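Residue numbers (our numbering): 13 to 121.
We put the beta carbon where it would ideally sit given N, CA and C, even for glycine.
Please read these numbers as outputs of a predicted model, since none were measured by experiment.
Below is one structure; the comments refer to it alone.
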């Protein structure tokens, strides 16, 4: 884990794009995994977060260690409005029921 790695401020309900380093034989490439953060645990170096997405009609969840050297980048695509810290209820929902409203930052004119 690189010290001082710039990790954006994200929380449950946000949609993030995680660039994961994938090793195939001799070469490495970066594979993007984009989905909704359904859980985040903050335990200093052992912090991790769970990202859920629907891939070809199948729900896929992946747990990423926050400070893993295999994580190339974390980008917040959109921010969501939720009232829970853990969004495990999304597992039982599909389609429009699984949608999360977007959080708008209040910008003063």
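Burial state of residue i, where buried means 16 or more other Cβ atoms lie within 10 Å
i: residue 47; result: buried
i: residue 61; result: buried
i: residue 25; result: buried
i: residue 89; result: exposed
i: residue 95; result: exposed
i: residue 50; result: buried
i: residue 13; result: Since pLDDT at residue 13 reaches only 47, below the 50 mark, its modelled position is unreliable, and no value is offered.
i: residue 72; result: exposed
i: residue 91; result: buried
i: residue 27; result: buried
i: residue 86; result: buried
Simplified DSSP assignment, three categories, for residue i
i: residue 111; result: coil
i: residue 103; result: helix
i: residue 38; result: coil
i: residue 92; result: strand
i: residue 13; result: Residue placement at residue 13 is poorly supported in this model, since its pLDDT is 47, which falls under 50; the coordinates still yield a value, given next. Coil at residue 13, not helix or strand.
Per DSSP, cross-strand counterpart(s) of residue i
i: residue 31; result: 44 and 85
i: residue 49; result: 63
is_contact[residue i, chain D] using C-beta, thresh 8 Å
i: residue 38; result: The chain labelled as chain D is not found in the depicted structure, where only one protein chain is given.
Which full runs of the beta strand (DSSP E) of 3+ residues lie inside the segment 52-89, going along the chain?
With a minimum length of 3 residues, the continuous beta strand (DSSP E) runs that stay inside the segment 52-89 are 60-67 and 70-77.
Pairs of beta-carbons, one from the segment 67-81 and one from the segment 34-44, closer than 8 Å: are there three or more?
Output reads no: the segment 34-44 does not touch the segment 67-81.
Sufficient close CB pairs (3 or more, under 8 Å) joining the segment 26-37 to the segment 95-109:
The segment 26-37 is not in contact with the segment 95-109.
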